[in-house]
Each structure stands twice: as C-alpha cells, then as structure tokens.
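Here the structure comes first, spelled out in structure tokens, and everything after it is commentary.
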Amino acid sequence: MPKVSSLIVPYASYLRVYEPLAAFPEPERGHWARYARRADRPSYQDELRRSLADLLPTPPIPVPVHESSDAFVADIDGVLCVCPWRTRLRGWQALGELAEELPAPVLDAVLPPLVRRQAAQDYERWMARNPDARPWIRTSTWQVPLNWFVLVADAEREYEKGAGPGGAMPVLRYRTPMVQARRRTARALKTLKETLEEGPLIDGLVNVGRWLEEFHPRSLVELDYGGLVHVLPAGHLEGDHSAADVAEGIEALRVGDGAAAGEAYARLVERWRAVRDRRSAN
C-alpha cells in the first residue's frame, strides 16, 4: 500500500491493463520476470514523483529522454501479470492533449512552444519506427470517464479507508478479467447505439473497446481512482457505487425505462459535482 508523502497528488484516475508474462516476447519477458522478483520495485507515488520532477528544470522536460523500464506487478490467481509504465509514450500522448485542457497563455508559460514542438517531432519520428506501440495505462484528470465504469461491476469494487495522516492513503479501485471487460463493453455499445444518438459516451466506449482488443485475453483490467480519493470526502468514497449506477442506467435503456435511466444518471451527476466544482474553482 502506498504511503502518504509530501508530494501533492494530482487529481487523476487511471485505467490499467496487467498482461501475463506469456504476452511479452523475449527478451522483454525475461526482464519483467527478473523485475518482479525485486524487493525495491517503485510504487504509484514513485512514478508520479519522477514525472513531476522533470517539470522543475528550465526549460522543463515534458517527456523523459529514455523510456521507463519499470512496471506495476500483480499476482492474479498465481499468474504473474505486468503493467509497464511506458512513461515516455504516455508523456508524448498527454502532451498532445494539453491544448484542449489549458488556455494558450497558461500552456505557453508551463511548456514553451519550442519545447512542445521538439517533443512533437521526437514523437513523430519514434512512432514511425514503432507504429504498433500502445500504452498499458490511460489517465484522466479530475474525473473517471463514464465509459470506464462500463468495464467493471460493483461486485469488483475494492475500497480501503486508509490510516489517516501519515499513514496509508485511501484506495478505491475495481479489478476485472479482460474477458469480462470486453463482454460488458460489447453489450453496452449495442444498447447505447440502439437507444442514443452518436456522442461522446459512445465514441469514448468504442475507443476504449479498441484499446482493450490490443491485449492478451487473460489480462486484468484495473480502474483506479488514484488521486481523486483526495477530492471526494471519505463519506462519499464509502458510498460511491458509480459502476453500479452506470450499469443500472444502461440496463434501464435496454428495457426502455427512460425514467430509471435518468435517475441513475442524476445520481452520477450529483456524486461528481464536488469534483467538477473544485476543478473550476480559482
């Protein structure tokens, strides 16, 4: 369990895929097998700390010079599964999305245009050599996208309160087998396409579904609230069953109960209002 440190945790959630060792070709498979035996494997906080440290120099380093050789490791029913960080690749992809997140003056102050252009050129050259590359981790700031909740079930919810100041942080996450995540995605897409017009929810779910298809069928999918546990009050965390609300809403749409679907959506909106208000606060 990660420990609270002086590091300010960004308000981000994560969708991770842990693949069994058999999914990796050699010599990468051997690397991860040796890596999993290490007693000093870095934590979620270590990944975050390293990324933030690169923004301190002048000019800042928006993307690591070298790709990370670290990963998160999980033992799933006796099968060793690995979720590579791929920090450099994720950094490039996040950099391309910043223009939609920050006003131009703020973005230019944080990451000068020259720095961003150089990073974009490096990414283009790298992708030409690695056209099939994809990250094992997706990140979303200030929210958990609704389409992520489609992949999991309320019964898979794991909540730990934490130990208060100086102790372990709260944890709220879901873990589900890849086969279940794909099945739920397909069923939800069928219902949504039959009952709703094309829009962000359907587009986002199609995108996530295509991403899941890139991985080994015996992988594990993890939805982690990450730093959002620091935005939602403890009482809200305990009562947060957003995956159940999403499932209920989709089922209501499937059977033609628009009123029940609306009620489920209203619960989601109300639950996440505090996060949305804090994001827009000065």
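Heads up: the sequence shown is residues 1 to 282, going by the UniProt record's numbering. Yeah, the Cβ is synthetic: ideal placement off N, Cα and C, and Gly gets one too.
When you compare each of R86, G78, D77 to D70 by their alpha carbons, which one comes out closest?
Per the Cα distances, R86.
Tell me the residue span of the alpha helix (DSSP H) that contains R129.
From DSSP, the alpha helix (DSSP H) with R129 extends over 113-129.
Pick out the complete alpha helix (DSSP H) segments inside the segment 196-246, 4 residues or longer, and give them in chain order.
The DSSP assignment places complete alpha helix (DSSP H) segments of no fewer than 4 residues inside the segment 196-246 at 200-212, 234-238, in order along the chain.
Among A260, Y18, T141, R184, nearest to R278 - alpha-carbon criterion
Nearest neighbour of R278 by Cα position, chosen from A260, Y18, T141, R184, turns out to be T141.
Where DSSP assigns a beta bridge to S68, which residues make up the other side?
Partner(s): none; S68 has no beta bridge.
Which partner residues of S140 appear in the DSSP bridge assignment?
In DSSP, S140 forms a bridge with S13.
With DSSP run on the structure shown, which of helix, strand or coil describes R157?
In the three-state DSSP reduction, R157 falls in the strand class (E or B).
Can you name the residues that DSSP bridges to L172?
L172 pairs with Y159.
With DSSP collapsed to three states, give me the class of A266.
In the structure shown, A266 sits in a helix (DSSP, three-state: H, G or I).
Close Cβ partners of L95 (< 6 Å) along its chain, the five nearest in sequence each way excluded:
Taken in chain order, the residues that qualify are P62, A119.
Per DSSP, cross-strand counterpart(s) of V79:
Answer is I76, bridged to V79.
Using only the alpha-carbon positions, how far apart do V144 and P25 sit?
In a straight line, the C-alpha of V144 is about 32 Å away from that of P25.
Based on the DSSP secondary-structure assignment, which residues constitute the bridge partners of E19?
E19 pairs with V82.
Below 8 Å, how does it come out for the segment 256-273 and the segment 235-248: are there three or more Cβ pairs, yes or no?
The way I'd put it, the segment 256-273 does touch the segment 235-248; three or more beta-carbon pairs between them come closer than 8 Å.
Can the beta-carbon of L146 be found less than 8 Å from the beta-carbon of Y159?
Their beta carbons are not under 8 Å apart, which means L146 does not touch Y159 by this criterion.
Quick check: what's the CA-CA separation for E226 versus A22?
Looking at the sequence shown, residue 226 is not Glu but Gly. Going from the Cα of G226 to the Cα of A22 covers about 28 Å.
Residue closest to A274, alpha-carbon to alpha-carbon, out of S219, G235, A260:
Minimum Cα-Cα distance from A274 among the listed residues S219, G235, A260 corresponds to G235.
For the alpha helix (DSSP H) that R34 lies in, which residues bound it at each end?
From DSSP, the alpha helix (DSSP H) with R34 extends over 28-36.
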